[in-house]
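Written below as structure tokens is the structure these notes are about.
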Amino acid sequence: VPAAVAPSRMFEAVILDCHNLFPKLAPHAFKSIDILEGDGGDGTLKRYDFGDVNQKIDALDKDNFSIKYTIYERDGGWGIFEKVVYDIKFVASGDSGCIYKVAAECYLKAGEESKQEFVKDSQEKGTSLYRAVESHLLANPHLYA
Numbered sequence: 001v002p003a004a005v006a007p008s009r010m011f012e013a014v015i016l017d018c019h020n021l022f023p024k025l026a027p028h029a030f031k032s033i034d035i036l037e038g039d040g041g042d043g044t045l046k047r048y049d050f051g052d053v054n055q056k057i058d059a060l061d062k063d064n065f066s067i068k069y070t071i072y073e074r075d076g077g078w079g080i081f082e083k084v085v086y087d088i089k090f091v092a093s094g095d096s097g098c099i100y101k102v103a104a105e106c107y108l109k110a111g112e113e114s115k116q117e118f119v120k121d122s123q124e125k126g127t128s129l130y131r132a133v134e135s136h137l138l139a140n141p142h143l144y145a
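Position 19 of the sequence shown, counting from 1, maps to 19 under UniProt numbering, and the rest follow consecutively.
Here's what the structure looks like:
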């Protein structure tokens, strides 16, 4: 997904400061994001107050604007997935913007089958949030500069 914002700013907003920014930009989706343990780097555990999920950071590379993390449910009510592993990278584009690249590995619970509508819905919601962050940063060029 292309953006008109530098990769360093998008990475800082979407990855490093999401616990502050997402609840402000999308309060209907994120009531809160709390850091349960860690300093934001590898091994950090965050609790997202939507869908009863936790996020564990597996690998964070601030120099290359990339992160690998695992989302898993807390209370057994998340649906068909045991966990989802995301690999995200913000790559510089020639126009001083960036391209947001996401790969996801979905691990289904025993006996479950993949549901394409869930995947499509997740992609649409993720892109919508990404666009909200991009718009916010374009309107506030001093943020994460």
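Ideal placement from N, C-alpha and C gives every residue a C-beta, glycine not left out.
Run the CB neighbour count on residue i, radius 10 Å, all protein chains shown included, and call it buried at 16 or more, exposed below.
i	result
I35	exposed
F22	buried
Y100	buried
R131	exposed
Y107	exposed
What does DSSP give as the partner residue(s) for residue i in the beta ladder?
i	result
A103	D87
V53	Y48 and E73
D61	S66
Is residue i near the ligand FAD, with its Cβ less than 7 Å from a heavy atom?
i	result
A26	As presented, the structure is devoid of all ligands, the ligand FAD included, so that no description of it is given.
From residue i to residue j, what distance separates their C-alpha atoms?
i	j	result
G97	A145	13 Å
D63	F90	11 Å
G41	H142	24 Å
residue 151	P2	This structure cannot settle anything about residue 151, because the visible part of the chain is limited to 1 through 145.
L16	S128	19 Å
N54	D95	35 Å
T44	A103	20 Å
Q116	I80	12 Å
Could you give the residue range of the beta strand (DSSP E) that holds residue i?
i	result
D121	Run containing D121: none in the beta strand (DSSP E); it sits in the alpha helix (DSSP H), Q116 to A139.
L36	I33 to E37
For the alpha helix (DSSP H) that contains residue i, what are its first and last residues?
i	result
F30	Per DSSP, F30 belongs to no alpha helix (DSSP H) and is neither H nor E.
H19	C18 to L25
S8	P7 to F11
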